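First the structure, in the form of structure tokens, and then the observations on it.
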Amino acid sequence: MTVTVRFAPSPTGYIHIGNTRTALFNWLFALKNDGQFILRFDDTDVERSKPEYAEAIKEDVEWLGIRPSRIAYQSDRFAIYASAVEKLKSAGLLYPCYETPDELERKRKLRLARRLPPVYGRDALKLSADDRAKLESEGRKPHWRFLLPNFSADPFAPQRTDVHWDDVVRGPETVDLASLSDPVLVREDGTYLYTLPSVVDDIDMGVTHIIRGDDHVTNSGVQIALFEALGAVAPALGHHNLLTTVSGEGLSKRSGALSVGSLRRDGYEPMAVASLAVLIGTSENVSAMPDMAALAEVFDPKATSKSASKFDPGELDTLNRTLIHAMPFAEAAPRLAALGVEGAIAEPFWLAVRGNLSRLSEASQWWGIIRDAPSGEETVAEDDKDYVRSAFDLLPPEPWSRDTWKIWTDAVKQQSGRKGKTLFMPLRIALTGLASGPELADLLPLLGREETLARRP
Ligand code: GLU
179 MTVTVRFAPS
189 PTGYIHIGNT
199 RTALFNWLFA
209 LKNDGQFILR
219 FDDTDVERSK
229 PEYAEAIKED
239 VEWLGIRPSR
249 IAYQSDRFAI
259 YASAVEKLKS
269 AGLLYPCYET
279 PDELERKRKL
289 RLARRLPPVY
299 GRDALKLSAD
309 DRAKLESEGR
319 KPHWRFLLPN
329 FSADPFAPQR
339 TDVHWDDVVR
349 GPETVDLASL
359 SDPVLVREDG
369 TYLYTLPSVV
379 DDIDMGVTHI
389 IRGDDHVTNS
399 GVQIALFEAL
409 GAVAPALGHH
419 NLLTTVSGEG
429 LSKRSGALSV
439 GSLRRDGYEP
449 MAVASLAVLI
459 GTSENVSAMP
469 DMAALAEVFD
479 PKATSKSASK
489 FDPGELDTLN
499 RTLIHAMPFA
509 EAAPRLAALG
519 VEGAIAEPFW
529 LAVRGNLSRL
539 SEASQWWGII
549 RDAPSGEETV
559 AEDDKDYVRS
569 AFDLLPPEPW
579 SRDTWKIWTD
589 AVKQQSGRKG
599 KTLFMPLRIA
609 LTGLASGPEL
619 ADLLPLLGRE
629 ETLARRP
């Protein structure tokens with residue numbers, strides 16, 4: 179059977195680094211197993227779901243390097259959920275309840291006072307047809323609960339019912355269905371909570387592995403029962419730990435904190451974001467992987483910690499630099515061209531400057547320095563001007579190569595008697611307008627003799 183996974187965000191905001199972890203765990207799992215990846219928008223909540231968020235999520239997923247084989251929207255599939263609802267109702271597994279939130283809260287407190295577990299006591303199951311008709315004539319509309327299979331004959335006497343699975347990430351897991359309330363699947367207004375459409379789609383789309391955050395572990399107990407109630411076998415399940423901010427707060431789509439879009443706009447490389455999002459909180463070393471195939475190689479869902487991990491964006495800078503410093507020209511070229519960096523010297527330019535960049539976009543500053551003028555941040559000190567002028571008079575004739583810098587500065591050293599920083603720094607400042615930067619041996623041939631002479635103070 180083809181391994182089929184899905185990433186199922188609700189398009190109610192921009193995806194953040196924690197959602198990215200879920201998406202990538204699924205994508206890497208698919209890559210490792212020659213599988214399929216479905217991007218499924220859980221947009222049954224039509225009030226909060228927005229097409230612009232779905233579009234942004236598609237872009238983010240694409241930017242990360244994930245290539246879905248299918249994109250689906252739950253809002254297109256209401257008819258399929260309605261038929262699953264009918265199936266459950268006719269099997270007596272979905273029953274109408276009429277309690278208001280206040281009534282439920284009162285019942286919960288009462289149960290606690292009686293030292294009973296604070297779960298829903300299934301009172302609505304006791305309603306007769308007449309009771310229901312009366313409630314409805316008073317204008318009450320039912321919400322619908324799934325009758326959990328946690329009893330033998332008497333639903334009012336639930337018994338410990340352990341659901342087990344071998345979690346793809348966490349190993350053996352158990353949820354006791356008697357510790358849970360019958361979940362509401364359909365709200366009073368007829369809209370669906372996430373539980374049922376998710377299971378219906380996982381069956382219909384042939385999902386073989388559900389990989390998601392560990393905030394869904396309890397849901398999995400319920401959903402396994404629901405898969406079975408709908409005549410299916412539950413897929414394999416995996417729950418990875420969640421990411422928090424450095425100060426330990428949870429991430430939320432609505433707050434926009436650490437959104438993929440903002441990291442992209444900040445100029446981070448997708449593989450820096452992907453490497454950190456996947457490897458943090460695992461027993462693997464966090465290092466920058468150059469591409470998805472390399473990340474898939476080190477990805478092992480079982481190596482994931484069970485407790486939440488802090489995501490430190492500072493670590494991204496280190497990973498980003500590593501990737502940029504080693505990035506081959508062929509990979510950088512299209513993005514450099516978009517910055518206006520092209521032509522015969524684009525490649526030697528890239529190889530000269532990449533080791534000094536934290537972000538690829540910083541290449542344009544150096545391109546301006548080489549092609550137009552020194553940066554202007556630093557100017558040659560008054561005391562050094564005569565020294566620099568006579569140094570420029572010693573510039574060797576062209577053709578220039580990487581050796582020209584040494585030939586030139588050897589001659590300057592001999593004439594001026596200067597050495598070390600006092601020799602080099604005034605020349606660096608005259609040539610680039612900055613006190614640090616790429617090797618001057620690399621920059622000099624890019625400037626050429628004429629442009630270099632034009633920078634004589
Ligand atoms: N829409 C759900 C969420 O974002 C999907 C959970 C799941 O993968 O089943 O939490």
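Numbering (my numbering), first residue to last: 179 to 635. Just so it is clear, CB atoms sit at the ideal spot from N, CA and C, and this is done for glycine as well. Since the structure is predicted, the reported quantities are computational estimates derived from the model, not experimental observations.
(message) Taking the alpha-carbon of L624 as reference, which of S594, G554, N534 and A522 has the nearest alpha-carbon?
(response) A522
(message) I need the straight-line Cα distance from E406 to A412, nearest angstrom please.
(response) 7 Å
(request) State yes or no: is the C-beta of A186 nearer than 8 Å to some heavy atom of the ligand GLU? (result) yes
(request) Kindly indicate which three-state DSSP category P320 falls into: helix, strand or coil? (result) coil
(request) Compute the Euclidean distance between the alpha carbons of T373 and M179, then round it to the nearest angstrom. (result) 25 Å
(request) Tell me whether E351 sits in a helix, a strand or coil according to DSSP, three-state version. (result) strand
(request) Measure the alpha-carbon distance for T500 versus G615 and round it to whole angstroms. (result) 17 Å
(message) Just to confirm the assignment, what range does the beta strand (DSSP E) spanning T496 have?
(response) First-last for T496: P491 to H503, but that is the alpha helix (DSSP H), not the beta strand (DSSP E).
(message) Please state whether the Cβ-Cβ distance between A452 and L202 is less than 9 Å.
(response) yes
(message) Considering only heavy atoms of the ligand GLU, does any lie closer than 8 Å to the CB of Y251?
(response) no
(request) Determine the direct distance from the alpha carbon of P350 to that of H503, and round the result to whole angstroms. (result) 42 Å
(message) If the criterion is Cβ atoms closer than 9 Å, does the pair F207 and R245 meet it?
(response) no
(request) Rounded to whole angstroms, what's the CA-CA distance from C275 to E475? Just pull it up for me. (result) 50 Å
(request) Could you check the C-alpha separation between L609 and R627 for me, to the nearest Å? (result) 11 Å
(message) Could you give the first and the last residue of the continuous alpha helix (DSSP H) run that contains V476?
(response) M470 to V476
(message) Once DSSP output is grouped into helix, strand and coil, what is the label at R537?
(response) coil
(request) Enumerate in chain order the residues of its own chain whose CB-to-CB distance from W545 is below 6 Å, with the five nearest sequence positions on each side excluded. (result) V519
(request) Answer with buried or exposed for N463, where buried requires no fewer than 16 other C-beta atoms within 10 angstroms of its C-beta. (result) exposed
(request) Measure from the alpha carbon of T600 to the alpha carbon of each residue in L621, K563 and A516, then state which is nearest. (result) K563
(request) Please confirm if the stretch 287-306 is in contact with the stretch 358-373, defined as three or more CB-CB distances below 8 Å between the two stretches. (result) yes
(message) Measuring only from the beta carbon, is R286 closer than 8 Å to any heavy atom that is part of the ligand GLU?
(response) no
(message) Suppose the cutoff is 6 Å on Cβ atoms and the five residues either side in sequence are ignored; what does the same chain contact list for P139 look like?
(response) The chain is shown only over 179 to 635; residue 139 falls outside these bounds and no answer can be derived.
(message) With three or more C-beta pairs closer than 8 Å as the rule, is the stretch 483-496 touching the stretch 418-429?
(response) yes
(message) If I follow the unbroken beta strand (DSSP E) through V183, where does it start and stop?
(response) T182 to F185
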